[in-house]
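Q: Sharing a structure, written as structure tokens. Questions coming.
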Amino acid sequence: ALSNISELNEIAKARGQTLVQMAIAWVLRGGGITTALIGASKPAQITDCAGAVNNLDFTVQELEKIDEYALEEDINLWALSSETPQNGA
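In the working numbering, the protein residues as written are 2 to 90.
Shown next as structure tokens:
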């Protein structure tokens, strides 16, 4: 589990984002979803989260890597959503 988080962090770094920013960008990708709820208790966290909008585009390779490592108890948390079009297409 921790190794998966490390891998996801590496994907985020390669995108120029924090893991939080990448997760928010992943939710907002494609334009079908226009709002992501965030839980921030400090102004710096809000600033960090807002940085997600600077890179909402994912390559196919990035999505495949995310699907590979976004697992919990051998359940792929993001795969179904990655396969579902976000723009209603």
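We put the beta carbon where it would ideally sit given N, CA and C, even for glycine. Just so we're clear, the structure is a prediction, and the values are computed from it rather than from any experiment.
For Leu-38, count neighbouring C-beta atoms within 10 Å of its own C-beta (all shown protein chains included) and say buried if the count is 16 or more, exposed if not.
A: Stepping through the sequence shown from its first residue, residue 38 is reached at position 37. The residue is exposed, with fewer than 16 neighbouring Cβ atoms inside 10 Å.
Q: Determine the DSSP secondary structure at Leu-72, reduced to helix, strand or coil.
A: Position 71 of the sequence shown, counting from 1, holds the residue named residue 72. In the structure shown, Leu-72 sits in a strand (DSSP, three-state: E or B).
Q: Within the same chain, show all residues whose beta-carbon is closer than 6 Å to that of Glu-8, passing over the 5 residues directly before and after it, in chain order.
A: For the purposes of this step, residue 8 is identified with residue 7 of the sequence shown, where counting begins at 1. Within the same chain, Glu-8 has close Cβ partners Tyr-70.
Q: Hey, quick one: how far does the alpha helix (DSSP H) through Leu-38 stretch, first residue to last?
A: Here residue 38 corresponds to residue number 37 of the sequence shown, with the count starting at 1. It is not in any alpha helix (DSSP H) - Leu-38 carries neither H nor E in the DSSP assignment.
Q: Give every residue of the same chain whose Cβ lies closer than 7 Å to the Cβ of Asp-49, excluding the five residues on either side of it in the sequence, and list them in chain order.
A: In the sequence shown, counting from the first residue as 1, residue 49 sits at position 48. Only Thr-19, Val-21, Gln-22 meet the Cβ criterion.
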